[in-house]
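Read through the structure below, which is laid out as structure tokens, and then see the notes.
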Amino acid sequence: MLHVEVSGTGSDLVLVHGWGMHGGVWADWVDELSDRYRVWVVDLPGHGNSRWQQQESLTAWAGAVRDVVPAGAWWLGWSLGGLVSLAALADRRGAIKGVVLLASTPAFVKKEDWRHAVDAQVFGKFAEQLETDIERTLTRFLSLQVRGMAHSGKTLRKLRAVLRDRPQPDAAALRAGLRFLQASDLRSALQLPAAPLRWLLGERDTLVPVEVCECFPAIPSRRIAAAGHAPFLSHPASCSAQLDDWLLDRREQVPHANG
């Protein structure tokens, strides 16, 4: 079973973190969200406080998360967490109310018919580095996430501090997650009619170009100005306000400061 933490009251909201991180990355944002959501924070297989149990497929990771959260919840997946959320939606559509893709995409690597992504060599280099120095590889990946964004230094320091809060990810789990980033193409899941989708993107994200949402104009989307790959850290109030607009009944919404 995966490690999961639950806080707050209200509609169920599952937060799924990105590659190499753990659920602690959400801590500050959860404090703000928990007055109107019951928030389920999960550590992915082999990350944080969750044991690695040889879950080698994206479907297995999605199933592991689904096993520890309630049916009928909204899932918010950040980066790799977005792929996990889409895999869960495609595998068992009735169990999820909807998915918010936060700085995420159905396919991270460029293809002939998919240009709004990164070159394959980006993740290829991380795969090579991973075999010699896990800690350095993770640190470099964090640096890439904040490149070009506002408040990059502050956000990078926050990410580095969070990374050290829990055990280092299992090497096999990191390899599996990197394979998912390199090889997954879940564009078909974005066309499923069974559950609503939303797209929340950082305007300056170097891993997920904001233009990706233009490929699926029917999916409601919002771009967070000056944000990079971790908008919930750099611009939490803006992310909260948009999330409430999508997920809450308007009578339940509360005012937010600018973020």
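Residue numbering for the sequence shown follows our numbering, starting at 8 and increasing by one per position. Idealized CB from N, CA, C, for every residue including glycine.
Inter-residue Cα distance where the pair is residue i and residue j
i      : j      : result
GLU259 : TYR44  : Model confidence at GLU259 stands at a pLDDT of 45, short of 50, so the residue's coordinates are unreliable; what they give is reported in the following sentence. Those two C-alpha atoms are separated by around 11 Å.
LEU90  : LEU65  : 8 Å
SER18  : GLN128 : 40 Å
GLN62  : PHE133 : 21 Å
SER241 : THR139 : 31 Å
LEU214 : ASP42  : 31 Å
ALA239 : GLN249 : This sequence places Phe at residue 239; Ala is not what is there. So the two alpha carbons sit approximately 11 Å from each other.
ASP177 : HIS10  : 14 Å
MET156 : LEU149 : 13 Å
GLU135 : PHE115 : 18 Å
SER228 : LEU208 : 8 Å
VAL107 : ASP192 : 17 Å
ARG143 : ASP74  : 32 Å
SER92  : ASN56  : 20 Å
LYS161 : HIS29  : 19 Å
ILE103 : ARG164 : 34 Å
LEU151 : CYS222 : 24 Å
VAL23  : LEU254 : 17 Å
GLU2   : VAL49  : No statement about residue 2 is possible, as the shown extent of the chain runs from 8 to 266 and does not include it.
ALA244 : GLY131 : 35 Å
GLU218 : LEU170 : 29 Å
SER247 : VAL37  : 10 Å
Coil, strand or helix - residue i by DSSP
i      : result
GLY27  : coil
VAL215 : coil
LEU90  : helix
LEU96  : helix
GLY70  : helix
GLY221 : Note that residue 221 is Glu in the sequence shown, not Gly. DSSP places GLU221 in helix when its eight states are reduced to three.
LEU6   : The requested residue 6 is not part of the displayed model; the chain covers only 8 to 266.
SER241 : helix
TRP33  : helix
GLU63  : coil
LEU268 : Because the chain is modelled from 8 through 266, residue 268 falls outside the range shown and cannot be assessed.
Spatially closest choice to residue i from the options, by CA coordinates
i      : options                        : result
VAL72  : GLN62, LEU83, LEU87, LEU51     : LEU51
LEU181 : TRP59, VAL106, PHE239          : TRP59
THR146 : GLU138, ASP126, ARG167, LYS132 : ARG167
TRP26  : ALA244, GLN175, TRP121, HIS123 : GLN175
PRO224 : HIS54, ARG205, ALA244, GLY15   : ARG205
GLU210 : VAL23, SER111, LYS118          : SER111
ALA124 : ALA183, ALA67, SER86, GLY30    : SER86
CYS220 : VAL49, GLY79, PRO113           : PRO113
LYS118 : ARG194, LEU22, VAL21           : ARG194
ASP172 : VAL49, GLY15, GLY31            : GLY31
MET8   : GLU39, TRP36, VAL37, ALA69     : ALA69
PRO77  : GLN189, VAL21, ALA234, PHE187  : VAL21
Those residues which DSSP pairs with residue i across a bridge
i      : result
LYS118 : TRP121
ALA80  : ILE103
ILE231 : GLY209
TRP85  : LEU109
LEU22  : VAL48, LEU83
VAL11  : VAL49
Residue i Cβ short of 7 Å to the ligand FMN heavy atom set
i      : result
VAL129 : Ligands displayed in this structure: none; no statement on the ligand FMN is therefore possible.
Interface flag, residue i vs chain D, CB-CB below 8 Å
i     : result
SER18 : The chain inventory of the structure shown lacks chain D, comprising one protein chain alone.
Secondary structure, beta strand (DSSP E): runs of 3+ residues fully inside the segment 129 to 210: 204 to 209
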